[in-house]
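Okay, structure coming up:
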């Protein structure tokens, strides 16, 4: 972008001279604030707003006040969906044909965002917006996440004035390796730290600061939760809201969800339920231990997802409380891809065992929770399980 020419008058002395003070780019009068929310690893049939079993009051409220789409398409992977969303281009065009961890030396797969492709954040910043990203990033390869960068591959390198969150594809929600702007902070020393709550706190704090100093300057916030990607970390209080609600199993659940979606008009009234996926045996064929384990895993997953919606709601409520809701556009995307098919059917309370092909048996999983007195969504487990 060429430098702005001087339009004043510069004589030999101040007499007759006229200063010209460069002003920052101003957004058009009345330009709206933009909040872009992205939930992770959430299936189309998860949220109650779309007929699912998981309570999502914030999503429901926004759908009732705005528009609800059932033909929104994403890729099957985290990084590609995020790259396409933030660039407005096919994900290969910005180097993310696969996830950032699998970057290679091939066009479309190098996980290097080209300078020729401006992100949504960069375009808005160049047009007078303040920009911020909170939460999961997953657009920086593993070898570029250290304290020396390169920061061109971090959020600040593609248009965000402020960033707070974690760079990899997943993270503990209790001992998160935090990054703020271009600084690796590491895990919080607060023993009560919980990333989803802290993420909402940070976003609310940022909005208050922006509007207290420049109330007429619009903002763009990218709010990408770690939920509901593994590890499924959430307190017993949230998980137990769904206690016994999945005891009927996945066969009954998918039929119930399907019928609710018809009633809501999310799917056509004459739609036919597809056969159960081969990865899942008939629920009635499972042992009592298997049913107990899988139902509890789903309770944790559901509580984790409802908690994410709750924290989105806290940010939305702040926008309403400070009187800017009528000039704020909110996009709430419930899933960068579908529910995770990783973790094997049995799942794992230790993500590293799953990644290294060490499969846990059902009794061992149940024993982990009962003997260690630590529920499946607690700090003691890096849980990674397949969800239905």
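Residue numbers (the working numbering): 42 to 429.
Positions of the beta carbon are idealized from the N, C-alpha and C atoms, including for glycine.
Everything numeric in this text was worked out from a predicted model, so none of it was measured.
Looking at the secondary structure, which residues open and close the alpha helix (DSSP H) in which residue i lies?
i: residue 303; result: 290-305
i: residue 248; result: 236-254
i: residue 280; result: 277-280
i: residue 165; result: 161-166
i: residue 103; result: 98-106
Which of the three DSSP states is assigned to residue i in this structure?
i: residue 387; result: coil
i: residue 340; result: helix
i: residue 154; result: coil
i: residue 129; result: coil
i: residue 354; result: helix
i: residue 369; result: strand
i: residue 321; result: coil
i: residue 360; result: helix
i: residue 92; result: coil
i: residue 190; result: strand
i: residue 348; result: helix
How close, in whole Å, do the beta carbons of residue i and residue j come, if the pair is a contact with beta carbons under 8 Å?
i: residue 158; j: residue 123; result: Actually they do not touch by this definition, with Cβ atoms about 14 Å apart.
i: residue 2; j: residue 341; result: A query on residue 2 cannot be resolved here, the shown segment of the chain reaching from 42 to 429 and no further.
i: residue 377; j: residue 115; result: 6 Å
i: residue 282; j: residue 344; result: 6 Å
i: residue 108; j: residue 373; result: That pair is no contact at about 11 Å.
i: residue 92; j: residue 368; result: In fact, because the Cβ distance is near 32 Å, the residues do not count as touching under 8 Å.
i: residue 352; j: residue 240; result: 7 Å
i: residue 220; j: residue 210; result: Wrong, their Cβ atoms sit about 14 Å apart, outside the cutoff.
i: residue 261; j: residue 251; result: Incorrect: roughly 11 Å between the Cβ atoms, too far for contact.
i: residue 135; j: residue 154; result: 5 Å
i: residue 213; j: residue 80; result: Residue 213 to residue 80, Cβ: 18 Å. No contact.
i: residue 169; j: residue 258; result: 7 Å
i: residue 290; j: residue 332; result: 7 Å
Tell me which residues share the same chain as residue i and place their Cβ nearer than 6 Å to its Cβ, disregarding the 5 neighbours each side in the sequence.
i: residue 263; result: 77 and 174
i: residue 121; result: 132 and 137
i: residue 183; result: 142
i: residue 430; result: Because the chain is modelled from 42 through 429, residue 430 falls outside the range shown and cannot be assessed.
i: residue 419; result: none
i: residue 86; result: 93 and 298
In terms of residue numbering, what span does the beta strand (DSSP E) encompassing residue i cover?
i: residue 177; result: 171-177
With DSSP as the reference, please indicate the residues paired to residue i in a beta bridge.
i: residue 207; result: 177
i: residue 79; result: 265 and 374
i: residue 59; result: 50
i: residue 224; result: 221
i: residue 111; result: Per DSSP, none; premise fails for residue 111.
i: residue 260; result: 171
i: residue 17; result: Outside the modelled stretch of the chain, which goes from 42 to 429, sits residue 17, for which no answer is possible.
Counting only beta-carbon atoms, is residue i nearer than 8 Å to chain B?
i: residue 55; result: This model lacks chain B altogether; it includes just one protein chain.
Which same chain residues, not among the five before or five after residue i, have their C-beta less than 7 Å away from its C-beta?
i: residue 106; result: none
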